[in-house]
Amino acid sequence: MTGPEACATFAAVADSQLTEVFSPIRWQGDALELLDQTVLPRRQEWLRCDQPQQVADAIYRLSVRGAPAIGVSAAFGLVLGIDPESSADELKGQFVETRDLLAATRPTAVNLVWALRRGQEVFDRVVGSGADASTVRAALEQWAIAEHRADIEANRRMGEAGATLFERGDRVLTHCNAGALATAGVGTALGVIDASFRAGKVETVWVDETRPLLQGARLTAWELGRLGIPYHVIPDGAAGSLLSRSMVDRIVVGADRIAANGDVANKIGTYTVAVLAERHGVPFYVAAPLSTIDLETPNGEAIPIEERSPDEVTRVFGTQVTPDDAPALNIAFDVTPAELVAGIITEVGVLSPPYGDSISRAFER
Ligand code: MRU
293 MTGPEACATF AAVADSQLTE VFSPIRWQGD ALELLDQTVL PRRQEWLRCD QPQQVADAIY
353 RLSVRGAPAI GVSAAFGLVL GIDPESSADE LKGQFVETRD LLAATRPTAV NLVWALRRGQ
413 EVFDRVVGSG ADASTVRAAL EQWAIAEHRA DIEANRRMGE AGATLFERGD RVLTHCNAGA
473 LATAGVGTAL GVIDASFRAG KVETVWVDET RPLLQGARLT AWELGRLGIP YHVIPDGAAG
533 SLLSRSMVDR IVVGADRIAA NGDVANKIGT YTVAVLAERH GVPFYVAAPL STIDLETPNG
593 EAIPIEERSP DEVTRVFGTQ VTPDDAPALN IAFDVTPAEL VAGIITEVGV LSPPYGDSIS
653 RAFER
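What follows is the structure, given as C-alpha cells:
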C-alpha cells in the first residue's frame, strides 16, 4: 500500500502532537501495517502484514527496524500467529512456531527477545485459565497495544530526562537512526534531541550517514527535517575531524542491547564515535528504554552480534560499487565499553557509572 498520507500527517501536526500522531507501526485489528523503511525517504509505502511470516520478513529485511520498533512489531506478530478458530490442542504449537519464527530474525536487538518473553507470559497465563483461542488472541492483542503505548511514553520520558543534560547552543552528533522510525514514539536519541531543541538548547545536529544502509542519511535526516531541527548529514569518516575542530558539544545515540555492566551494542560505527569522543573530551550518551537493557547478558562480549549479507556493503541501492568479486564483511553492530559512556538516558532517569549498580537500582524501582 502506498501511503503519502503518512507524511502528510507527519508534517501537518503541531510538534507537540507528533508522537501521538506519527508511528511507522499501525495496528488494524486484522493486520499490522509498517512504513517500509527500505525505500524511505524516496517513497512512502506501507506494507500490510496479516501473517507472522510477513512480519518476520519485514523485520529481517529492515522494512521495520530499530530495537524498540522491532519489539513492538514482534508483539503484533504474535497476535497474528493465533488463529481464533483453532482448538486448544493447536494453540500451543501455533504460538511456539510464531515465536521461534520471529526470534530468528535479528539477534542483537534485545527488545525482540523481551517482547517475545512478555508475550509468552501473557499466553501462558490466559491459556492456563482455560481460555479459547479467540480469547487468547484478544488478550495478546490488548497486551501488544499496551506495549506500543508504553514505548511512546518511555520515549517522552527519555526526552525529558535527557534534555537536562544539554546546554544552550549545543551541536549534537548522532549515529544511525534512533527516532520515531526506530521506535513507537518520537524516538530514543532523537527524542532527547527533540526535547532539548524544544527547550532552546540545540543549535544543530550532525548526522552520521551510517553506512552501509544509510539509516542516518535517509531516515534521521528525514525525521529531523519534519521536526524542524537544523542538521547536516556528514560522511561517517568526518566525525573525527568535526570533533578535533571543536564542532561537537555532545553525542547521543540509541542502543540495540545494553549489557548488565553498561556495555552498549549499537549500529556499527558507534564505537568509533565513542573513542573519538573520549579523545576530545566530549560527553557520549546512550538513550534507551529499560527494555533494551539485558540483565542476563553480563557484558558486551556476551552480546550476539548480527552479521548481514556482504551485498549490503558491495552494493548501493542495488548497484555494485566494488569489483564484482570483492569480498566484504558486514558486521551490523559494534560494542562500546561502558567506560566510554557518560550516561544512559532511560525512562526512569539518567543512569551514571558505575552502571552495574545504577542499572540494578533502575530495575528495582
Ligand atoms: O540495523 P538497524 O537499523 O535496526 O539498527 C538500528 C540501530 O542501531 C539504532 O541505533 C538502535 O536500534 C536504536 S533504536 C531507537
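Numbering (the working numbering), first residue to last: 293 to 657.
All residues carry an ideal CB built from backbone N, CA and C; glycine is no exception.
What did DSSP end up calling His467 once you bin it into helix, strand or coil? Residue mapping note: residue 467 aligns to position 175 of the sequence shown, counting from 1. Note: His467 maps to coil in three-state DSSP.
Ligand 1 and Thr475: does any heavy atom of the ligand fall closer than 7 Å to the residue's C-beta? On the sequence shown, position 183 is the one that residue 475 refers to. Yes, the beta carbon of Thr475 sits closer than 7 Å to at least one heavy atom of ligand 1.
Beta-ladder partner(s) of Arg340, from DSSP: Sequence index remark: in the sequence shown, residue 340 carries index 48 (1-based). BP columns for Arg340 point to Glu325.
Check whether Ala552 and Pro581 have beta carbons under 8 Å apart: Position 260 of the sequence shown holds residue 552. Position 289 of the sequence shown holds residue 581. It is not a contact, given that the beta carbons lie outside the stated cut-off.
What's the C-alpha gap between Gly610 and Thr330? By one-based count along the sequence shown, residue 610 stands at place 318. By one-based count along the sequence shown, residue 330 stands at place 38. For Gly610 and Thr330, the distance between alpha carbons rounds to 12 Å.
With C-beta atoms as the reference, is Asp555 less than 8 Å away from Thr628? Within the sequence shown, numbered from 1, the residue matching residue 555 stands at position 263. Within the sequence shown, numbered from 1, the residue matching residue 628 stands at position 336. Yes, they are a contact pair.
Would you mind sorting Phe655 into buried or exposed? The rule is 16 or more other CB atoms within 10 Å of its CB. Stepping through the sequence shown from its first residue, residue 655 is reached at position 363. So Phe655 ends up on the exposed side.
Whether Thr584 touches Ala618 by CB criterion (8 Å): Sequence index remark: in the sequence shown, residue 584 carries index 292 (1-based). Sequence index remark: in the sequence shown, residue 618 carries index 326 (1-based). It is not a contact, given that the beta carbons lie outside the stated cut-off.
Which residue or residues does DSSP assign as beta-bridge partners of Gly479? Numbered from its first residue, the sequence shown carries residue 479 at position 187. Gly479 is bridged to Gly471.
Would you list the one or two residues that DSSP bridges to Gln612? Here residue 612 refers to the residue found at position 320 of the sequence shown. Its beta-bridge partners are Arg607.
Determine, using beta carbons only, whether Val544 and Thr466 come nearer to each other than 8 Å. For the purposes of this step, residue 544 is identified with residue 252 of the sequence shown, where counting begins at 1. For the purposes of this step, residue 466 is identified with residue 174 of the sequence shown, where counting begins at 1. Closer than 8 Å, so yes.
Determine the contact status of Ala509 and Ala436, defining contact as a CB-CB distance below 8 Å. Sequence index remark: in the sequence shown, residue 509 carries index 217 (1-based). Sequence index remark: in the sequence shown, residue 436 carries index 144 (1-based). The answer is no: Cβ separation not under 8 Å.
With distances taken from CA atoms, which of Ala557, Thr564 and Arg518 is nearest Ser533? The count along the sequence shown starts at 1 and reaches residue 533 at position 241. The residue with the shortest Cα to Cα distance from Ser533 is Thr564.
Nearest candidate by alpha-carbon position, reference Val633, set Ala359, Arg571 and Ile362: Position 341 of the sequence shown holds residue 633. With distances taken between Cα atoms, Val633 lies closest to Arg571.
Specify the secondary structure class of Asn558 as computed by DSSP and reduced to three states. For the purposes of this step, residue 558 is taken as residue 266 along the sequence shown, with counting starting at 1. DSSP places Asn558 in strand when its eight states are reduced to three.
Are Pro271 and Leu394 close, meaning C-beta to C-beta below 8 Å? Past the boundaries of the shown model lies residue 271; the chain is included only from 293 to 657, so the question cannot be answered.
Per the contact definition of three or more C-beta pairs closer than 8 Å, is the region 318 to 326 in contact with the region 480 to 489? no
Can we say the region 466 to 484 touches the region 601 to 609, given the rule of at least three CB pairs closer than 8 Å? no
State the start and end residues of the unbroken alpha helix (DSSP H) segment that holds Ala551. Taking the sequence shown and counting its residues from 1, one reaches residue 551 at position 259. Run containing Ala551: none in the alpha helix (DSSP H); it sits in the beta strand (DSSP E), Arg549 to Ala551.
What do you reckon, is the C-beta of Asp548 under 7 Å from a heavy atom of ligand 1? For the purposes of this step, residue 548 is taken as residue 256 along the sequence shown, with counting starting at 1. Yes, Cβ of Asp548 sits closer than 7 Å to a heavy atom of ligand 1.
How about Lys493: is its Cβ closer than 7 Å to a heavy atom in ligand 1? Numbered from its first residue, the sequence shown carries residue 493 at position 201. Checking every heavy atom of ligand 1 against the Cβ of Lys493, none is found closer than 7 Å.
Which whole-angstrom value is the C-beta distance of Phe415 and Val405, which I expect to be below 8 Å? Translated into positions along the sequence shown, residue 415 becomes position 123. Translated into positions along the sequence shown, residue 405 becomes position 113. Actually they are not in contact, since the Cβ atoms of Phe415 and Val405 sit about 15 Å apart, beyond 8 Å.
Under the rule that 16 or more other beta-carbon atoms within 10 Å means buried, what is Ile623, buried or exposed? Along the sequence shown, one-based indexing puts residue 623 at 331. Under this definition Ile623 is an exposed residue.
Nearest-angstrom Cβ-Cβ length linking Thr400 and Ile595, presumed shorter than 8 Å: Residue mapping note: residue 400 aligns to position 108 of the sequence shown, counting from 1. Residue mapping note: residue 595 aligns to position 303 of the sequence shown, counting from 1. Yes, Thr400 and Ile595 are in contact; Cβ-Cβ is about 7 Å, under 8 Å.
What's the gap between the Cα of Arg518 and the Cα of Ala438? Taking the first residue of the sequence shown as 1, we reach residue 518 at position 226. Taking the first residue of the sequence shown as 1, we reach residue 438 at position 146. One C-alpha to the other measures close to 27 Å.
Tell me the residue span of the beta strand (DSSP E) that contains Glu495. Position 203 of the sequence shown holds residue 495. First-last of the beta strand (DSSP E) with Glu495: Val494 to Asp500.
Cα separation between Ala260 and Asp649? Residue 260 falls outside the range modelled here, since the chain spans only 293 to 657, and no answer is possible.
Skipping 5 residues on each side, what residues in its chain have a beta carbon closer than 6 Å to that of Ser315? The sequence position of residue 315 within the sequence shown is 23, counting from 1. Hits under 6 Å: Ala476.
Would Thr390 pass as a contact of Gly369 if the rule is Cβ separation under 8 Å? Here residue 390 refers to the residue found at position 98 of the sequence shown. Here residue 369 refers to the residue found at position 77 of the sequence shown. Taking 8 Å as the Cβ cut-off, Thr390 and Gly369 qualify as a contacting pair.
Could you spell out the range, first to last residue, of the beta strand (DSSP E) harbouring Val642? As a working note, residue 642 is residue 350 in the sequence shown. Counting along the chain, the beta strand (DSSP E) containing Val642 begins and ends at Gly641 to Leu643.
With hydrogens ignored, establish whether the beta-carbon of Val525 is closer than 7 Å to any heavy atom of ligand 1. Taking the sequence shown and counting its residues from 1, one reaches residue 525 at position 233. Val525 Cβ: outside cutoff for every heavy atom of ligand 1.
Output needed for Ala566: all residues of its chain with C-beta closer than 6 Å, excluding positions within five of it in sequence on either side, in chain order. Along the sequence shown, read from residue 1 onward, the residue named residue 566 stands at position 274. Only Phe576, Thr628 and Leu632 meet the Cβ criterion.
Assign Glu413 to one of two classes, buried (16 or more other C-beta atoms within 10 Å of its C-beta) or exposed (fewer than that). Mapped onto the sequence shown, residue 413 falls at position 121. It is exposed - the Cβ of Glu413 has fewer than 16 other Cβ atoms within 10 Å.
If you scan the region 517 to 602 from start to end, which runs of the beta strand (DSSP E) of 3 or more residues do you find wholly inside it? 523 to 526, 542 to 545, 549 to 551, 556 to 559 and 576 to 579
According to DSSP, simplified to helix, strand and coil, what is Asp349? Start at 1 with the first residue of the sequence shown, and residue 349 comes out as number 57. Reduced to three states, the DSSP call for Asp349 is helix.
Less than 8 Å between the beta carbons of Val464 and Arg537, yes or no? By 1-based counting over the sequence shown, the position of residue 464 is 172. By 1-based counting over the sequence shown, the position of residue 537 is 245. Contact: no.
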